[in-house]
Amino acid sequence: MKKVICSEKAPGAIGPYSQAIEANGMVFVSGQLPIDAATGVMPDGVEAQARQSLENIKHILEAAGLTMADIVKTTVFLQDMSLFAGMNGVYATYFDGAFPARSAVAVKALPKDALVEIECIAAR
């Protein structure tokens, strides 16, 4: 059985998908653009955008009763690999000890011309 997870502290879906779905003790969080749910604004720069995407993930996980420590896998989408170091510096501050498995890829473009988008899988 699957359960929809939603947080008002993270931006709503901009298409036919859920912020997250829980199934069999796993929470699958959709890619989070760096949009502040309260203002609808996307910050400038990869560091600020990475931070906002991770904050959005954090809020969604909290709605599921989980924390960043429960993440087992992330996928980071970057507008360009030259942005990797800036994203990586911020990313490292969100985890303590055992980092989740991760993929990071450059894509041709991201919605709303974002520099970064991050998705994850967490486990209970």
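Following our numbering, the numbering of the sequence shown begins with -1 at its first residue and continues without gaps. Beta carbons are placed, not taken as given, at the ideal position from N, Cα and C, and that holds for glycine.
For residue i, the residue or residues it bridges with in DSSP
i: T72; result: R100 and C118
i: I19; result: V2 and F26
8 Å Cβ cutoff met for residue i and residue j
i: K0; j: A21; result: yes
i: L95; j: E45; result: Here residue 95 turns out to be Gly, not Leu, going by the sequence shown. In this structure, E45 does not lie closer than 8 Å to G95 by Cβ.
i: L31; j: A112; result: yes
i: F75; j: V114; result: yes
i: A99; j: K56; result: no
i: L52; j: I116; result: yes
Residue i versus residue j: straight-line alpha-carbon distance, rounded
i: D42; j: R122; result: 34 Å
i: M79; j: G87; result: 14 Å
i: T37; j: R49; result: 15 Å
i: S5; j: D34; result: 12 Å
i: G23; j: I69; result: 12 Å
i: L47; j: A8; result: Note on identity: in this sequence residue 47 is Gln, with Leu being the wrong assignment. When rounded, the distance between both Cα atoms is 14 Å.
Cβ-based burial, residue i [other Cβ within 10 Å; buried from 16]
i: F97; result: exposed
i: V2; result: exposed
i: V105; result: exposed
i: P14; result: exposed
i: I12; result: exposed
i: G29; result: buried
i: A62; result: buried
i: P109; result: exposed
i: A125; result: Lying outside -1 to 122, the shown extent of the chain, residue 125 is not represented and no answer is given.
Among the options, the one whose alpha carbon lies nearest that of residue i
i: Q77; options: G63, M24, A102 and I3; result: A102
i: Y92; options: G63, N54 and V25; result: N54
i: I119; options: P9, K7 and M66; result: M66
i: V25; options: E60, V39 and L52; result: E60
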